[in-house]
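Numbering (our numbering), first residue to last: 877 to 1018.
Heads up, the thing below is written out as structure tokens.
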Amino acid sequence: MTRKLPATSARIAEIAAGTINVRSSLDACMASASGNKGLSGKKRNTPEDLLEHATHLELENRWLEARLKTSEEEGRKNRLKISDLRRELRECKEALEKERDQVATYRQDNRELIVPHEQVRLRWRQAIDEKRALRASLQSKE
């Protein structure tokens, strides 16, 4: 009696899509094909078992080829994304350099309008000291 093998194109497509867990059934088949004893305690090394094992190996091979193809496609897409991100980063750096050049030009053109931070702080302290001195002089007059 021969068994009908499950190696149909629909099953191969399911395996390639990853909807079937091939590994667990393959492990069971490999154990049976290698001459290990099955649940019944008898050696299962019949030609049908070996043919089923070969079929499962073929299915696993097709599944691995499909995974490799998808991995290669994903890698290609990721390389494109990386090159796009690098191009975008380069454009941002160029825009930043242009902005820095414009700021430097603005500072050169309007140097007298731009007061450094320390000078502002010094003027602010001087104004506070003058206000305190004025208050002290007004209080001393009263």
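Heads up, the beta-carbon is just placed ideally off N, CA and C, and yes, glycines get one too.
By the three-class DSSP mapping on this structure, what secondary structure does residue i have?
i: N986; result: coil
i: G1006; result: A small fix is needed here, since residue 1006 is Glu in this sequence, not Gly. Of the three classes helix, strand and coil, the one that applies to E1006 here is helix, per DSSP.
i: E924; result: helix
i: E949; result: helix
i: E964; result: helix
i: E973; result: helix
i: E994; result: helix
Keeping to the same chain, check which residues put their C-beta closer than 8 Å to that of residue i; ignore five residues upstream and five downstream.
i: R952; result: none
For residue i, count neighbouring Cβ atoms within 10 angstroms of its own Cβ and tell me buried if that reaches 16, exposed if not.
i: H993; result: exposed
i: K1017; result: exposed
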